[in-house]
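Going from the sequence shown to the numbering used here is simple: count from 1 and add 6. C-beta: ideal position from N, C-alpha, C; glycine also. For clarity, every value in this text was computed on a predicted model and none was experimentally measured. Working notes, beginning with the structure itself.
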Amino acid sequence: MKRPEGFDKAAQQPDPASAKPRRKRGAADSGATGGDSAVSSKKLRASRAPKVSSPTATRAPAPSAAREASTPTAGKKAPRTPRERSRFRLSRAEPSPDVVAKRQLRRAARDRRRAEKAELRRFTRRARTRKYTLLSIAALVAVLLGLIAVAVFSPILALRTVIVDGTNRIDPAEIQAAVETQEGTPLALLDFDAINTELSVFPLIRSYVTEIVPPDTLLVHIVEREPIGSVTIDGVFTLVDPAGITIQESAERIAGVPLIDIGGADTSSPAFAAVTEVLLALPADLRARVESVSATTKDDVSFVLSGVGQRVVWGSASDSARKAALLEALISQRDPAEAGEFDVSAPSNGIFRPS
Numbered sequence: 007m008k009r010p011e012g013f014d015k016a017a018q019q020p021d022p023a024s025a026k027p028r029r030k031r032g033a034a035d036s037g038a039t040g041g042d043s044a045v046s047s048k049k050l051r052a053s054r055a056p057k058v059s060s061p062t063a064t065r066a067p068a069p070s071a072a073r074e075a076s077t078p079t080a081g082k083k084a085p086r087t088p089r090e091r092s093r094f095r096l097s098r099a100e101p102s103p104d105v106v107a108k109r110q111l112r113r114a115a116r117d118r119r120r121a122e123k124a125e126l127r128r129f130t131r132r133a134r135t136r137k138y139t140l141l142s143i144a145a146l147v148a149v150l151l152g153l154i155a156v157a158v159f160s161p162i163l164a165l166r167t168v169i170v171d172g173t174n175r176i177d178p179a180e181i182q183a184a185v186e187t188q189e190g191t192p193l194a195l196l197d198f199d200a201i202n203t204e205l206s207v208f209p210l211i212r213s214y215v216t217e218i219v220p221p222d223t224l225l226v227h228i229v230e231r232e233p234i235g236s237v238t239i240d241g242v243f244t245l246v247d248p249a250g251i252t253i254q255e256s257a258e259r260i261a262g263v264p265l266i267d268i269g270g271a272d273t274s275s276p277a278f279a280a281v282t283e284v285l286l287a288l289p290a291d292l293r294a295r296v297e298s299v300s301a302t303t304k305d306d307v308s309f310v311l312s313g314v315g316q317r318v319v320w321g322s323a324s325d326s327a328r329k330a331a332l333l334e335a336l337i338s339q340r341d342p343a344e345a346g347e348f349d350v351s352a353p354s355n356g357i358f359r360p361s
């Protein structure tokens, strides 16, 4: 039955297992205490009987009661090992403010270090890129220099062949023999001073140019001295170039070049300089016809043409180009077989005097 303070408790049934055998008392005791024993035994059986409640009287335990039920009481032993109990107590213990502050400081320090490293990497990115670029270029240059050094100093690029061109009076074999001391030397290590010394003994060589042709060839381009004529020195015919350098000596007159008569002066005299200037001003075909040329001073140059012995009075070496053009015009107007004298000492007025 429902009452204001709750439902009535159900009648408790006596527990047969929990009932204890009653001790027999004497007649005096049972008679004196019969009523009290009956009342106390009823109360004892009512307290030991299980409580049975109706389905409508069942209540759900409160959350606080559930938490209290799940929490081990102080009187009961928790079913955990010592390590688990320690972890359980640490997890439930709230950290102190000092511990929280230290954790926050450590976290802030870590964040600051990360931020500083990120900023450092950002500001030094260009420097690192430039450094890597320079290192890459340096490595590439070193590799290239190594390859060049191996190729240059390798015996594969040693001198084995000498080719000579531009010679007319000089035997190319003599030039090759003079340079053969350099054979077997790497092309990059050729001693050009030694080559110059060897080639300077050839008077016919005016100049030369060397050219390296890999892998093993040296080209020597020779420019020979062009003889301008021959002079007689102590009864010896000496072939000279315009600079007066001796090209060849012979006991007999050298054919193909005019004989120069400068009155016993040497090749450094003004008369020889005037003669060479006049000869160089003549056209090549006309110069080839000159048999002899003479001068005692720089102003009285004259020469004789081959054939009938026509003579040309030139005078000084000034205006040689105009005199050469005037002489060509006069020769074209006269008979080659007619003997006589051409006078072009005055470039504006040429004269032919028949003999």
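query                                                                                                                                                   : result
Nearest-angstrom Cα distance between Val158 and Asp222?                                                                                                 : 11 Å
Can you tell me the Cα-Cα spacing of Gly262 and Pro192, whole angstroms?                                                                                : 43 Å
I need the DSSP call for Ile228, collapsed to helix, strand or coil.                                                                                    : strand
How big is the Cα-Cα spacing for Thr173 and Glu232?                                                                                                     : 11 Å
If we ignore side chains and look at the alpha-carbon of each, how far apart do Val296 and Gln182 end up?                                               : 36 Å
Would you please state the rounded distance, in angstroms, between the beta carbons of Glu283 and Ala323? I believe it to be under 8 Å.                 : 4 Å
Distance, Cα to Cα, Ser274 vs Leu225?                                                                                                                   : 35 Å
Below 7 Å CB to CB, which residues in the same chain sit around Phe418 once its five sequence neighbours on both sides are set aside?                   : The first residue shown for the chain is 7 and the last is 361, placing residue 418 beyond what the model contains.
Using beta-carbon positions only, say whether Ala363 and Ala280 come within less than 8 Å of one another.                                               : With the chain covering 7 to 361 only, the question about residue 363 has no answer from this structure.
Where Arg118 and Val149 are concerned, what is the direct C-alpha to C-alpha distance, given to the nearest angstrom?                                   : 44 Å
What are the boundary residues of the alpha helix (DSSP H) that includes Thr379?                                                                        : This structure cannot settle anything about residue 379, because the visible part of the chain is limited to 7 through 361.
Would you list the residues sitting across from Thr252 in a DSSP beta bridge?                                                                           : Val246
With distance defined between alpha-carbon atoms, name the residue in Leu333, Ala271, Ile143 nearest to Leu292.                                         : Leu333
Hey, how far is the Cα of Gly250 from the Cα of Ile266?                                                                                                 : 12 Å
Using the DSSP secondary-structure output, state which residues sit across from Gly190 in a beta bridge.                                                : DSSP, once it has assigned bridges, lists no residue as partnering Gly190.
Going by the beta-carbon positions, is the gap between Thr216 and Phe198 smaller than 8 Å?                                                              : yes
For the beta strand (DSSP E) that Glu347 lies in, which residues bound it at each end?                                                                  : 346-349
Would a C-beta distance cut-off of 8 Å place Leu285 and Gly356 closer than the cut-off?                                                                 : no
Ends of the beta strand (DSSP E) at Pro360?                                                                                                             : 357-360
Can you tell me whether Gly313 is buried or exposed? The criterion is at least 16 other CB atoms within 10 Å of its CB, across all chains shown.        : exposed
Alpha carbons only, please: which of Arg317, Pro353, Asp349 is nearest the one belonging to Ala343?                                                     : Arg317
Would you mind stating whether Arg166 and Glu189 have Cβ atoms separated by less than 8 Å?                                                              : yes
List the endpoints of the continuous beta strand (DSSP E) containing Asp171.                                                                            : 167-171
How far does the alpha helix (DSSP H) with Arg212 in it reach, from first residue to last?                                                              : That residue, Arg212, is in no alpha helix (DSSP H); its beta strand (DSSP E) goes 211-219.
Reducing DSSP to helix, strand and coil, say where Thr223 ends up.                                                                                      : strand
Give me the Cα-Cα distance between Thr244 and Ile253, rounded to the nearest whole angstrom.                                                            : 7 Å
Return yes when the Cβ of Pro353 is within less than 8 Å of the Cβ of Asp325, no when it is not.                                                        : yes
Per DSSP, what kind of secondary structure is Thr238 in: helix, strand or coil?                                                                         : strand
Using the rule of at least 16 other Cβ atoms within 10 Å of the residue's Cβ for burial, across every protein chain shown, is Phe278 buried or exposed? : buried
Cβ of Val219 within 8 Å of Cβ of Ile201?                                                                                                                : no
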